[in-house]
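S.K.: Got a structure for you, questions after.
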Amino acid sequence: MVTLEGKTVLITGASSGIGKACAEKFAELNAKLILTARRKERIDILAEELIQKYKVEIISSKLDVRNFNEVKSFYESLPDEWKTIDILVNNAGLARGLDKFYEGKIEDWDEMIDTNIKGLLYVSRVIVPQMVERQTGHIINIGSTAGHEPYPMGNVYVATKFAVKALSQSFRIDVLEKGIKVTSVDPGMVETEFSKVRFRGDDERAKKVYDGLQPLTPQDVADAVIYAATRPKHVNINQIILTPLAQASSNFVHRKK
Ligand code: NDP
Ligand code: 8X3
3 MVTLEGKTVL
13 ITGASSGIGK
23 ACAEKFAELN
33 AKLILTARRK
43 ERIDILAEEL
53 IQKYKVEIIS
63 SKLDVRNFNE
73 VKSFYESLPD
83 EWKTIDILVN
93 NAGLARGLDK
103 FYEGKIEDWD
113 EMIDTNIKGL
123 LYVSRVIVPQ
133 MVERQTGHII
143 NIGSTAGHEP
153 YPMGNVYVAT
163 KFAVKALSQS
173 FRIDVLEKGI
183 KVTSVDPGMV
193 ETEFSKVRFR
203 GDDERAKKVY
213 DGLQPLTPQD
223 VADAVIYAAT
233 RPKHVNINQI
243 ILTPLAQASS
253 NFVHRKK
């Protein structure tokens with residue numbers, strides 16, 4: 003039976019969607035979990051549920067990945083026995099708006115770049131050195147099909163996910179002689195709070211994104227993460243791209259009338 007007993011997994015953005023589903027699946031495999039997000043009450047409730055259900059050890063910690071000092075002090079304040087992190091899931095991310103770039107909102111651009119690129123870098127900069135020192139570990143970045151093919155008005159979000167792809171490839175080269183795995187899990191359309199966040203709470207518009215097709219579930223993506231995380235020591239899964247059956251790429255989607 004596959005187990006991750008004795009491994010510590012840090013997940014960013016565990017309060018919702020893919021991050022939350024990853025937390026559930028890692029808990030099922032008996033990993034110790036560090037759950038982070040800005041909405042602390044949500045990760046506290048999730049931690050409590052998972053502890054009850056799987057009898058695992060979990061720390062939940064409020065963390066905004068955009069703030070480097072916060073990331074640093076979060077790590078420094080972990081109890082010593084929790085500082086050895088084996089698997090880092092860089093999941094926290096978001097899209098804001100869907101506009102032509104020449105009409106885009108500067109605050110939307112800043113938020114996406116600060117979260118999806120700089121946040122991923124900040125967390126990795128703080129967490130990975132202990133992996134380098136121990137010559138073992140696994141970084142799993144959540145990218146997107148948007149990082150493979152732009153779509154209309156995706157501009158800045160698309161650019162952040164192209165950046166995630168570039169960073170995954172670069173990280174892999176930089177840690178090549180350090181025994182650390184680097185994986186990018188790149189989903190197409192997944193029904194989470196993603197579209198609600200993108201359209202700032204406009205539920206009607208968010209729902210339309212998935213009209214006429216069956217999107218991926220967050221659990222489908224978490225399955226891919228778990229697959230990558232449970233391969234033998236000598237195997238690195240570089241990249242997993244998964245889409246709904248009705249989606250061929252960013253721009254080719256089949257919707258039933
Ligand atoms: P959700 O909106 O459901 O979840 C996003 C998570 O990111 C939340 O837990 C949120 O937590 C967290 N987050 C956002 N900003 C920050 C921040 N500044 N600091 C810390 N955490 C933050 O969306 P998804 O689950 O869909 O998104 C997860 C990842 O998957 C993202 O990187 C997204 O780009 C990617 N993705 C999503 C796809 C989709 O179709 N849904 C497809 C491909 C990739 P909180 O607000 O509590 O801080
Ligand atoms: C999320 C997928 O296509 O909605 O990364 O941008 S998409």
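In my numbering, the protein residues as written are 3 to 259.
Ideal Cβ placement from N, Cα and C applies to all residues, glycine included.
Decide if Leu178 is buried, meaning its Cβ has at least 16 other Cβ atoms within 10 Å, or exposed.
M.R.: Taking the sequence shown and counting its residues from 1, one reaches residue 178 at position 176. Its Cβ having fewer than 16 others within 10 Å, Leu178 is exposed.
S.K.: By the 10 Å Cβ neighbour count, where 16 or more other Cβ atoms means buried, how is Lys163 classified, buried or exposed?
M.R.: Within the sequence shown, numbered from 1, the residue matching residue 163 stands at position 161. Buried, by the Cβ-count rule.
S.K.: Could you spell out where the alpha helix (DSSP H) holding Leu123 opens and where it closes?
M.R.: Stepping through the sequence shown from its first residue, residue 123 is reached at position 121. That run of the alpha helix (DSSP H) goes Leu122 to Arg136.
S.K.: Drop a sphere of 10 angstroms on the beta-carbon of Asp88, count the other beta-carbons inside from all chains shown, and report buried for 16 or more, exposed for fewer.
M.R.: Numbered from its first residue, the sequence shown carries residue 88 at position 86. Answer is buried; the Cβ neighbour count reaches 16.
S.K.: Going by DSSP, which residues form a beta bridge with Phe254?
M.R.: Taking the sequence shown and counting its residues from 1, the one referred to as residue 254 is at position 252. According to DSSP, Phe254 bridges with Ser251.
S.K.: Report back the beta-carbon spacing between Leu48 and Ala25 to the nearest angstrom; my notes put them in contact at under 8 Å.
M.R.: On the sequence shown, residue 48 is found 46 positions in, with the first residue counted as 1. On the sequence shown, residue 25 is found 23 positions in, with the first residue counted as 1. The pair is a contact, with the Cβ atoms about 6 Å apart (cut-off 8 Å).
S.K.: So, is Ala16 buried or exposed, given that buried needs 16 or more other C-beta atoms within 10 angstroms?
M.R.: What you label residue 16 is simply residue 14 of the sequence shown in a count that begins at 1. Result: buried.
S.K.: Are there 16 or more other CB atoms within 10 angstroms of the CB of Phe196, so buried, or fewer, so exposed?
M.R.: As a first step, residue 196 is located in the sequence shown; it is residue number 194 there, counting from the start. Label assigned to Phe196: buried.
S.K.: Do the stretch 219 to 229 and the stretch 115 to 135 make contact, defined as three or more Cβ pairs closer than 8 Å?
M.R.: Taking 8 Å as the limit for Cβ pairs, the verdict is that the stretch 115 to 135 does not touch the stretch 219 to 229.
S.K.: Please specify which runs of the alpha helix (DSSP H), each continuous and at least 4 residues long, are wholly inside the stretch 156 to 195, giving them in chain order.
M.R.: DSSP runs (the alpha helix (DSSP H)) wholly in the stretch 156 to 195: 157 to 176.
S.K.: Could you tell me if Phe201 is buried or exposed, where buried requires 16 or more neighbouring beta carbons within 10 angstroms of its beta carbon?
M.R.: Position 199 of the sequence shown, counting from 1, holds the residue named residue 201. Label assigned to Phe201: buried.
S.K.: For Ser186, is the beta carbon positioned less than 8 Å from some heavy atom of the ligand NDP?
M.R.: On the sequence shown, position 184 is the one that residue 186 refers to. Answer for Ser186: no, Cβ out of range of the ligand NDP.
S.K.: Whole angstroms is fine: what's the gap from Leu232's alpha carbon to Ala165's?
M.R.: Translated into positions along the sequence shown, residue 232 becomes position 230. Translated into positions along the sequence shown, residue 165 becomes position 163. With the sequence shown as reference, residue 232 is identified as Thr, and Leu is not the correct amino acid for it. So the two alpha carbons sit approximately 26 Å from each other.
S.K.: Given Leu65, which residues of its chain have a CB within under 6 Å of its CB, disregarding the five upstream and five downstream residues?
M.R.: In the sequence shown, counting from the first residue as 1, residue 65 sits at position 63. Excluding positions up to five away in sequence, the list reads Thr38 and Phe76.
S.K.: Taking C-beta to C-beta, are Ile13 and Leu35 nearer than 9 Å?
M.R.: Within the sequence shown, numbered from 1, the residue matching residue 13 stands at position 11. Within the sequence shown, numbered from 1, the residue matching residue 35 stands at position 33. Closer than 9 Å, so yes.
S.K.: Is the beta carbon of Thr117 less than 9 Å from the beta carbon of Arg44?
M.R.: Your numbering for residue 117 matches position 115 in the sequence shown. Your numbering for residue 44 matches position 42 in the sequence shown. Cβ atoms of Thr117 and Arg44: not closer than 9 Å.
S.K.: Identify the residues that DSSP records as bridge partners of Asn92: which are they?
M.R.: The count along the sequence shown starts at 1 and reaches residue 92 at position 90. According to DSSP, Asn92 bridges with Asn143.
S.K.: When you compare each of Ser146, Glu113, Ser18 and Ser62 to Thr185 by their alpha carbons, which one comes out closest?
M.R.: In the sequence shown, residue 185 corresponds to position 183, counting from 1. Ranking Ser146, Glu113, Ser18 and Ser62 by Cα distance to Thr185 puts Ser146 first.
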